[in-house]
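Some notes on the structure that comes next.
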Amino acid sequence: MIKSFRDKNLKLFYMESKRDRAIPATIERQLAKKLDMLAAAHNEQDLFIPTSNYYKRLSGQFDGLSSMRVNIQWRLMFQWKDGYAENIYLDPHQDT
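Anchor point for the sequence shown: position 4 equals -8 in my numbering, and the numbering is continuous, going up by one each time.
In structure tokens:
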């Protein structure tokens, strides 16, 4: 379930279907689908399926965060605590 957004534009996109140029039009449909999956999740295990989510618990400089793939370039980043996704934001993914 979704508890909070770090990004105001992402919150408006999800809650009120408001478009913003900060969110690429090419990912809007997939992004909405992934946010719906986050909202429907009751526990962390729900996020591992489908495997195309590429759900990961991160470490290193992103310790404490989780990510879910939107597409090859974009990830949803968030903290998963007690059955809730918190501080959700959209991140331009870069392989390092």
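Yeah, the Cβ is synthetic: ideal placement off N, Cα and C, and Gly gets one too.
Within the DSSP secondary-structure output, methionine 65 pairs in a beta bridge with Ser55, Tyr77. With contacts defined as CB atoms closer than 9 Å, lysine 6 and arginine 57 fail to qualify as a contacting pair. With a minimum length of 4 residues, the unbroken runs of alpha helix (DSSP H) contained wholly in the stretch 0 to 59 fall at 16 to 28.
Rounded to whole angstroms, alanine 10 and leucine 78 show a C-alpha spacing of 9 Å. In chain order, Gln61, Trp62 place their CB closer than 7 Å to the CB of proline 80, counting only its own chain and leaving out the 5 sequence neighbours on each side. A straight-line Cα-Cα distance of about 13 Å links glutamate 4 and aspartate 24. For the pair lysine -1 and tyrosine 72, the CB atoms are not nearer than the 9 Å cut-off.
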